[in-house]
Each structure stands twice: as structure tokens, then as C-alpha cells.
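One structure is given here, and the rest of the page talks about it.
Residue numbers (our numbering): 575 to 641.
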């Protein structure tokens, strides 16, 4: 059996990216119900008081460095 390794910081970035893409897809297709559900999900789990938001900030700091 193969063990899969993961990076929690990278995973939170991927999850946020997937939520963002789902939101964009809903906006483009005009699916207001989907947009509303995704917005609610993002606001609930990525607001400034959650650990996911803090991890996302760390991910962005590492990923979006400027040189």
C-alpha cells in the first residue's frame, strides 16, 4: 500500500482555488443558487476568525512572494 503525503498549507490553497473556480463558474453560467451556496460556504469557512483563513494567509505569503 502506498502512503500519500500531503502538505496542509498547500491543501488549503487548493481548496480555496477550487471554491473560487466554482464561484466563477456559477457567475458565468448565471446559476444564482450555486453562487449563493458557494459564497455562504466561503464566508463560513474562510472568514477572518477561522484557522483556515490564517492558513490561507500563510499560503499566500509563501506562494505570492515578490522579488
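Even for Gly, the Cβ is constructed at its ideal location relative to N, Cα and C.
No experiment lies behind these values; they were computed from the predicted model shown.
Between the stretch 623-635 and the stretch 604-613 there are fewer than three C-beta pairs closer than 8 Å, too few to call the two in contact.
Between residue 594 and residue 605, the alpha-carbon positions lie close to 15 Å from each other.
Leaving aside the five residues that flank residue 608 on each side, the residues in its chain whose CB is nearer than 7 Å to its CB run, in chain order, 600.
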